[in-house]
Structure formats: structure tokens, C-alpha cells
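Residue numbers in the sequence shown follow this note's numbering, run continuously in steps of one, and reach 1222 at the last position.
Below you'll find the structure, written out as C-alpha cells, and then a few comments.
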Amino acid sequence: MASGDSLLDSLEELDDFSDSDSDYEATTKATKRRKQPVTGLQPPKRSRRKAALRVSSPSSSPIPTPPNSPLQQHSQNTSRQASARPVTRVNKGNRGISAEDIYDAVCSGKSAMVTVVDEWLDNYKQSREEGLLVLINFIVQSCGCKGVVSREMLDNMQNAEIISTLTKEFNEDSVNYPLCTPGPQLRRFKASLCEFTRVLVSSCRNSLVFDEYLFPSLLALLTGMSDSQVRAFRHTSTLLAMKLMTGLVEVAVIVSVQLQTTQRQYDMENSKREQDRATDRLEELRATISELRENREEISSMMNATFRGVFVHRYRDRLPEIRAACIQELGIWLKTDPEDFLNDGCLKYLGWTLHDKQSPVRLQCVRALQGLYQEKEFIGRLELFTSRFKERMLSMALDKDPEVAVEVVNLLLLIQQRTEEGLKEEECGHIYPLVYALNRGLASAAGIFLFNKLKSVIASDNQKNDKSENAAFFQILISFYIQSEFHEHGAYLVDSLWDVARSELRDWETMTALLLQEDGLMYEEEGALIELMMCAIRQAAQATPPIGRTQGKKILGMKDKKVQDQDRRRITAHFIPLLPQLLAKYSADAGKVSLLLKAPLYFNLEMYNSAPRLEKYLDLLLSQICGIVEKHTEVTVLEACAQLASTLCSESYTFSSRAHLAFSQLLDGLTECFSTYLSDLLQGTADDDDVYSAATALKRIAALSSAKDPTGWKLFDSCLELLKSRMESRELDKELLVSALKCAAFYLMWAKVNAVNSTPAEGELNRLKKEMRLFCRVCQTCLSVNQTEIRDQAFELLCDLLLLYSTSSARFEPALQVLVHLPSDSLRSEMAAFLLDYVFSESEDAELNVEGEEEMKINLLQRRRNHLSGYCKLVLYGVLELSAATDIFKHYSKYFKDFGDIIKETISKSKLISPIQSAKTVCLSLQQLFSEMLTEDHSRQNLDEIRDLAKRLAMSFGIDLHRVRKPLVALHMDGVRFAFREPREGEEQHTNVTFLEILSEFSFKLLQQDRTQLAEFVKSECPSAALSWPSVRLYQRSLEGRSSSKARKQEGVYVVSTHSTPVAKRKRTTAQGSAASTVRGSWLETSSIHSSLHTPALTSTAQRQPTKPLASKKPSATPSECSDLSEDEFSLESQIRKVKPVKRYKLSSSQSGPTLDQQDLNSHLTLLSLIEDEDAEREEPEIEDYESDSEHESTYTLPSTRHTSTSVLDELFE
């Protein structure tokens, strides 16, 4: 149709419309009004047909308004006057609904918008001007502006003048406005505002949309406001304009359908024979067609004007909310009216916005594309777009915002399913690894993508063979898991597929059939299937995601719990008879059998007693476990057996006696085996085979001792004798001694548990304490051996046993006070030395760096963290004094990356135990470091490192200064005494005074009264001659507080009062030979800072053509300097509460003119032009030549008209 073609042509012209060199450039003109120069009768209104044909061009007003005088018919800028149609004025006492009423209804969100709009329509029908004025004031109030548009302003002022006036009256106390109010109020207001706009267009779609007054006038004002420098105006007007545009698009589609229907009726009537035609009917249809065409053309004109006047400029606005609103509505237009919008001229905006730096904008863009790819009839029109931007969409699967990445994966799935070409295998490879992502939403989306891909492959394979669908699914899933090379991460893959492939992953029959059949799977495939099967069993039985994917504490509902119980019963019923067969088949494979041994942990074990036929399977399971223990020596297998043995021996099950009997017999055999070789080991006559047999037996006993009480086998004395003899002879067999240490330690642990649960005789308690003392001596000896495994095991066991036999463990058991064992001084020294030598050490790291063993480095770090946490627990539970923590605190900064979390938690817990003693310990750790620095080499670098540590430790005191008042004062007093302590013999005088520089790092946490008290304390402790020393003066200044503004002025910097609005710092560019920058001088010459009027918070969003600079003045800032303002710096506007005048130095008469200092703000606001010259328009890049913002950063050059207030912008937005 003609109107549709005109709209398409106008949209295609957008390539030549806007400037591509600068982002977010506004180029639209505001509609001007001109006061009607003549009075009397107005000329008759021009026909709507001609009015609708007026399509805006780059040099004309974007929104057509009804002409009312002969002068206006020859002018591009029309005046909004009352039309020739007589208007009935309403009585002032009965004005109907007001702007405040509409605003209150929208804010509450509880009013029926249809009722509100109907009331306003009644008002509008009585007086168009009054009704429009109410709507305009509602929009102004929705922007958060205090100003009101009067009837005189509406009749006599241009749009730009109205907006300028409202800008001056804007609420400057706060930059917040309704659309940016945080909390649920924002969502409610925005939703109500959008609903009001939708209902307004819907109610007017049959009449007022085509009256050539309401919507053209409203869109003209919104277009002008959308180019305002006030963010509230720009944001609100853009949102309203986009919602109005959406309503107009829907009306246009309805009109087009009506036109097509009427045209068919006319053609059908006209095709009849002449004598059968109904002439009246033809004339009626012809008139209807003509009217509908005029309506369609008028709608197209308004749509075109809004698209070019608002969308083209605001889709690249500085504010991401504005850009997101534009893209969201564009997606609706593309889907609602594909005939006019679904073309490359509009799709290019979606493609460009895929590169937006803000995730909300990218999110709306991707969601808009999802709506398009869901429609099969759109796929053909999207071919060029898909080929051009597919690479970008694939890269966005790794978007830093998980929500965007999730939607991108869903979009790629639509492309894969709906397009003929789909995605190539290498393109799908971008998405497959995401099933292992930590974010569960992203992993689930990737799991859906993977599942659909697997299903498509299975469907094609099933045509060639008759394999069952689930068997084929597991075959291809196993292949994917092996090829992905993310072994030991099967839980993440299962969790990703759980929502979409739950029925397949719970097909236990197919999985066990594949495992039990002969020559069914390859060796590696069997291991992968067992791992995936165990992960699926865990997921079904516990319904907990893997580590890192937890999204808050999820409480299962009754339905979920019921499903979970049913799954556990199905798993138990299926695996009870088959698990012994699986264990028998894979008993020789340590990796597979250790996985299979975890299955009973998820069983409903009570089912073993539910039927007599199932009891035999329990005996088979126990015999298989005992056989595996006798067959394997790997730690993972033995630990899995011990964990299962502990579960089966639980007293809560009636069959626990059977399990106890089976494992007791197993321990009997292992103990007998060990006793056979013990005498030879003690005499030193055992050969290597004997040592190996004894070590393996002892290793199995140690593993089972963690699950079953071994005290009945009396192995402690034998293990202790073995340890003593081996340590004396220095025959340090690693496996043998580590196992002996574990067995002896487990004996002492179980003995303490038994003592707590029963009432042993005093003689038994004394014997147990003696055994504990002897074992600690042996472990202390082991701390100095050269075998890493023996040394580390001894330290870990010492930490556990000292904690178990500590004073706090017997606090509520007076009878067990006899068992309390405190470490000796020598043992404390040995443990502290172990910490310094093997935890806070870099020697082993250097060796591993040479070898390049990454996995060994991770294991070493984990082992060190275990050692450090064990030592810290000894400090926190009172086994060691709090002062022992100095060896930990002084490494806080140096080893922060590896142990920072552990040390920080220790410091925090120590403050709860004794705040003052903790603070003194912090000071003591710094004193020790300072003393070490003096003894080694007094270098400034070492002092700076200690000061850095002091800064980090000072931050641990928190922000509640009243709570840490006493600890901080104690810390300072200890530090001052240390700085001025009397020198010992042979020492120099006052060598510790420099410690005051370290102590000054804690001064900022002091209250004012404590600062004064400490200042007096320093004078009392410090010799009079030392008061002038640099370190003492520095510490005294730290007690006086922050430097005053006067002191900073002397350094050439002015500091705004702390009560003023905080602003970010910016780089200062100063000219040579001048204390103040000449650039700043030129700012003062042209700025309006000295005006008594307050400056509203403004945000530059458009690049203007620079005005000609005065010949006698230098440019205030180069484009490169202005472009240093980043987007984040500009966005600080939302945090600014009020713009205040900034004091400056007075310039010389050669630098400033008194006339410019007296300029009023109004003269500068007129420079904030809302109109763009034609020469500011440049060619926009074609869709094929577009380059990503992430690859080529655009520079933003501030317009020269903003230079009048750039000094304010620099202070606020840097």
C-alpha cells in the first residue's frame, strides 16, 4: 500500500540521517510555535488527506501539527493555536479531572486506568486545550518537576521555551524522579504509567487519534523533552513516546486489516455485473477506503516522526534505562507490524545494540530477537541478520551478566531449531561447555540446548539401528562427557540436564543393564557411566545441587518431598539385588568400586528388613565390602568402605548387629596379620615384604578405626612401641609410621568418647592421660623428621588431640578434668616452628614452580591451609595463649592470597574472646616484625611493608568505634611504651621511635577524646628532645585528625566541606608556570557559577556542533580532554543531591572579565539548544560495516555550548 511504502522509504533513509561518529547523539528538532499575528476569523482547516501526507524530513519538524493560519502553511515550525472549530469552555468551578488526580491514580497503581482515561476524555471533549493541558501537566509531574504549564504558556510559547522554563523550575534538591525511585514503588509507577498510556491510545484509536491535534501535539512536546539535558525529562518522555508509538503501531495494524477487508469487499462488489451492482454500496465502500487510507497515512506520519524524532536518537542515549526502553518497544513493533518494520533498516538497531556495554540493554535486545525467531514466517526475513550477527550472538553466550547469557543460549536454541542451516557443530561447541558453569540458570539453559542436540542426533541414528532410545541417549551422553574432558564434574552435567532429562537420567534399569552386560561398553565408558549414574542417584535422593550452584536455602514442599521419597524407594528396590553384582564385577577397579560403594548411602536402608528375601542381599553386600577392604590399599577405596561401614553399623537400623559382626571379624583378621609381623619389626629383623604386609594391614585397620571403635583390639601399645623403635633407629618407613600414628590417635579419640559416654574408674582415666602424654611426645619427635608425610600427619593429629583433651572439652564434665592435657613449652615451640617452616614458607613453592606441577601446588596449598586452621583452633579454644597468634597475624598481608580468609576469621574470633588482649596481640605481632627488621637490615622498604600490614590489621577493627575504643587505646599505649622503652645493654638510644609511624596507621579509628588522652600520654612518655623528631611529629599529627582545609589550600588544593555533596576526584591539567590551570581560568571567564540561581543537575547526551570561539579567548578544553569523561563518571549524576557553587581563587584582571561574571543562568540555558542544525547530521554506518563498541571505543566530545558549566560538570561527574 502507498502509506506502507512511504513508511518503509522513510525508515530506509535513516542510514543517511544520524551521525555515526559519536554515540547517543540527538539530532531531532523541537516543534516551534509562533504567536498568531492576525486576529479575526481563521481559515478553514485543511483536509486530513493533505495533512496526513506531510512526512517529516531531516530539515523539518518531526511531528506534524495542524496549521491554523496562512503563515503556518508556508513555515516548517508551526504554532499550536486553537483551531477554527468552536470550543466550549468549561466552568472553572467544574474542571473535571486534574493532572494531580491522574498522577495520584498512576502512583497508587490501584486505580482502574480505564476509568481515569474516560474521565479525562470527558474533560477533553468539553475543551481540547484544557484537556491537553491537563495531560501535559501530568507528564511534567511524572518527570518529578515542580513546574506547571499554564494556558498562556501553551498558547504563546514554543516547545523549546516551555521546556527551558520547566528546566529552571525543576526540583534541584534531589536528582531522583519517579522513574528512578528505588524499591517496589519504581516498578509500580512504571507499570501504571505504561498501562495509562496503553489505555489512552486504545480509547482514542477510533476517533481522537485522527483529530490532528491531540497526538501530534503530544508527540511534538515529547520529542522536544526527549532531547532535554535534564535526565528526568528525557527518560520519562522517551518512555511515554515509545509506549505511544507502540499503541500507534497496533492502531496501524488494525487500520491496515480494515482497509484490506474493505478493499476486498469493494473489489467483490465491483466485479459483479453492472445491473447487479449496488451503487450506494460501492460509494459507501469507496468513501470508507478513502477514509481508511487517510487514517493509515496519518498514523504512518506520526509513527515515522516518532521513530525519527525520538527512537533514532534515544536508542543510543547515555542512560541505559532509556536505551533499554527503546529496544524493548522496537521488539514489539517488529513483531506486531512486520510489514512496516521487519526489514534490515530496523533490524540493524538490534544488531548494533547487541554490543551495548550495559547488560540491561543487551538483555532487552536478546529478548526482542527471541520474539522474532519464535515466528516461523519471520525466519526468511531474518536470514541476512542471522548471517551478520550470529558470531556476536555466539560470543554473548559467555556474557559477564548470567541473565543475558541465559537468554542468549535460549535464543541460539531457537536459531538452531527454526532456521534451515541452524548452527554448525563448531558453533555449538561454544555452548556445550556451559553445562559445567557455576550459575545454575546458565547451566540449565545450556543443558536444554545440549539435550535437544542429543535428541536430534538420536533421532537420526534410530533410523539406522533399532537400539532403544534411552540406551542411545546414554551412549551419546557418555561420549560427550568423555570428550568434554571435565572429569570428576559429572554432578554438574547431571544437574544441568536434570530439569529437561529427568526421566532419562532416572532410568536405572537401562544404566545397570549397560554396566552388567558383557562387551557392552568400553573401559572408559563404563567409568563415565558409573560416575553419571551415582551423580543421578544423589540428585534424585537428596535434591541438592553441586557445590557452587546453591541458590539460597531452598525449602522443599510437601509435593517435592513426596517425589524424593518415591525416588529413594525406587533406587533402593532396584539396586539392593544388583549392587553386589556390580561390586563383584568391578571389585578390582579402585576408581569404579569407590563410586559404587557410595550408592547405599542414598538407600532407604530400612527396606533390607521389609522382606526376608532382601536380607540375603545384605549379607552379600557385607561380604563384598570385606573383600574389597582385603583387596585394596588405596585411600579412596578404604575411606569409602569405612564410611559405608559407619552407616551400616548405626544403631538406628535393626540389622546393625550383622554389620558389627562382619566388620569385627574383618578387624580380627587384620589385627592378627599385623601382630604376626610386629615382633620382627620391633627387633629389626623384618624384611621388605614383612614391612609391606604389616603396613598394609595397619593401613586398613586405621581406615576402619575411623568408623568402628578399635579400643577392644588393644593396638595402642603396639603402635607406640613401633613408633618409638622406628624413630630411634631412624628407619622411617612412610606407610608404616603414618598408619601407626593414625591407629594410635584413633584409639585415643575413641577412648575419650567412651569416657564421656560412660563412667570409667579413676585408674583408667590416669592410664589414658599417660597414654596421651606419651603419644604427644612421639608426635613432637615426628615434627622434626625429614619425611613430609610423617611430619604433616603428626602435626594434624596433635591439633586434633590437643583440642579433644583441652580444658574446654571437660568444662561440663568435672569428672573428666583428669584427662585435660596442656601442651608443654617445648611442644608449643615445636608447633610454632613447624608453622613458620612449613606453612609460611616459599621454599616448596619454588621447587614446584620449577617442576611445573600445578596439581601438586594445589594439594600443597590445601594441606597448608589445614595445618593453619588446626593451629588457629588451638588458639581460639584456649589450648594456646592468644599471644601465640602473633606468628599468624604478622603474615596476614604477605600471605593474604593463600590464607587471608583463615587469618581474618581468627582475628575476628579472637576479638570476641578478649578484645583488649586481641588488640595487644596485634600490636605485639607488629613489634616482633619491627624488631626483626632492626636486627637484620634497617631498610625503608621493610618499614613500608610493616605499615601496609598495620593498615590491613587496622581495618579489622570494624566501623563501630565505640565498641573498639578500649582495645584501640590499649594497643596505642603498648605501642608508645615500646617506642620509648629503655634501651638494653649494648643497644642504641631510642631505636624503636620509628615504630610510631606504624602505630599511626591505627589512629584514624580513635575517638576524639581518646586522641587527646593519647597525645598527653605521648608527651609523658617521650623525652622532651624527641618531640621534634619526624616520627613523633607524624604520630602526633595522626592523633590531631585529618589535615584541615587551610593546610591543603597551602598545597594548592581546595577541599569542599565534608558536609557538602561528595564528588569524585578528577585529573587536573595545569599549565606550566601557573598554580591554577589556564583551562580553569577560561572556565571562570565563560561560566555562570557566580549566578545566584541554582544549577539543575544536567546530563549531556548529545554531541553538538561547536560554536565559534571568541577570538580573544582560548578554547576551554580540547576534545580529547572532554572525552576523558567515561560513561560511569557521567552516571554519577544519580548520586548527586544538589549542585552548589564552588569557591575558586580570584583571577587577575587579564584572565577574567566582570561582565561575564554577572551573566544570568538563563542566558546559558538558551545555549542548551534542543534543535540540531542540518550540517550536524552525518551518514550512519550501514549494517554490513558496523563495528562493535567493545572493539573500537567511541570518544564522546562535549558540545561547546556546555562549556559554560563544564567546571561544574568536571566536579560532579568525574
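All C-beta atoms in this analysis are idealised placements derived from N, C-alpha and C, irrespective of residue type, glycine included.
The structure presented is a predicted model; accordingly, all values stated were derived computationally and were not measured.
Between Ile340 and Val369, the gap from beta carbon to beta carbon reaches 8 Å or more. Taking 8 Å as the cut-off, the Cβ atoms of Ala333 and Met253 do not count as close. Contact between Leu1007 and Tyr1043 holds: their C-beta atoms lie close to 6 Å from each other, under 8 Å.
For Ile584, the closest C-alpha among the options Leu523, Leu628 and Leu564 is that of Leu628. Residue burial annotation: Glu108 is exposed, with fewer than 16 other C-beta atoms found within 10 angstroms of its C-beta. In the three-state scheme derived from DSSP, where H, G and I count as helix and E and B as strand, Cys1030 is classed as coil. If you draw a straight line from the Cα of Phe907 to the Cα of Asp845, it is about 15 Å long.
The three-state secondary structure of Phe848, taken from DSSP, is coil. By the Cβ-count criterion, Met541 is buried, with 16 or more other Cβ atoms from all chains shown falling within 10 Å of its own Cβ. Annotated as distal: Leu876 and Lys917, with beta-carbon spacing of 8 Å or more. Within the same chain, Leu890 come within 7 Å of Ser922 by CB-CB distance, once the 5 residues on both sides are set aside. Unbroken alpha helix (DSSP H) stretches of 4 residues or longer found wholly inside the stretch 126 to 166: 136 to 150 and 159 to 164, given in chain order. Annotation note: the stretch 871 to 909 contains the following uninterrupted alpha helix (DSSP H) runs of length 4 or greater, listed N- to C-terminal: 894 to 897.
Bounds of the alpha helix (DSSP H) holding Asn303 are Thr287 to Thr314. Our two residues, Phe494 and Ser504, have alpha carbons roughly 14 Å apart in a direct line.
Burial state of Asp527 is exposed, judged by a 10 Å Cβ sphere holding fewer than 16 other Cβ atoms. Per the coordinates, the alpha-carbon of Leu686 lies some 8 Å from the alpha-carbon of Ser726. Collapsing the DSSP output to three states places Phe820 in coil. Going by C-alpha positions, Cys681 is about 31 Å away from Asn774. Boundaries of the alpha helix (DSSP H) harbouring Gly771: Glu770 to Cys790, taken from the DSSP string. Val374 and Glu415 do touch by the CB rule: their CB atoms are close to 4 Å apart, below 8 Å. When beta bridges are read from the DSSP output, Phe178 appears opposite Cys153. Counting along the chain, the unbroken alpha helix (DSSP H) around Phe938 starts and ends at Pro923 to Glu944. By the C-beta criterion, the stretch 610 to 625 is judged to be in contact with the stretch 574 to 590, since at least 3 inter-stretch pairs fall below 8 Å.
Taking each of Ser792, Lys722 and Gln491 in turn and checking the Cα distance to Glu736, the smallest one comes out for Ser792.
Separation of Glu647 and Ala753 (C-alpha to C-alpha, rounded to the nearest whole angstrom) is 17 Å.
Here the stretch 964 to 984 makes contact with the stretch 1015 to 1033; the two share three or more CB pairs at distances below 8 Å.
In this structure the stretch 566 to 580 lies against the stretch 541 to 557, because at least three pairs of beta carbons, one per stretch, are closer than 8 Å.
For the pair Cys807 and Leu462, the Cα-to-Cα distance works out to about 52 Å.
For Ser683, the three-state secondary structure derived from DSSP is helix.
Distances from the alpha-carbon of Ile490 to those of Asn447, Phe459, Ala454 and Leu537 put Leu537 closest. Within the same chain, and ignoring the five residues on either side of Met615 in sequence, the residues whose Cβ sits closer than 8 Å to its Cβ are Arg577, Thr580, Ala581, Ile584 and Leu622.
Exclusion of the five residues before and after Gly139 leaves Trp128, Asn131 and Tyr132 as the residues of its chain whose Cβ lies within less than 7 Å of its Cβ. 8 Å or more divides the Cβ of Lys928 from the Cβ of Glu1009. Listed in chain order, the non-local C-beta contacts of Leu782 below 7 Å within the same chain comprise Leu728, local neighbours out to five positions each way being set aside.
Excluding its 5 nearest sequence neighbours in each direction, Gln366 has C-beta neighbours in its own chain below 6 Å: Pro328, listed in chain order.
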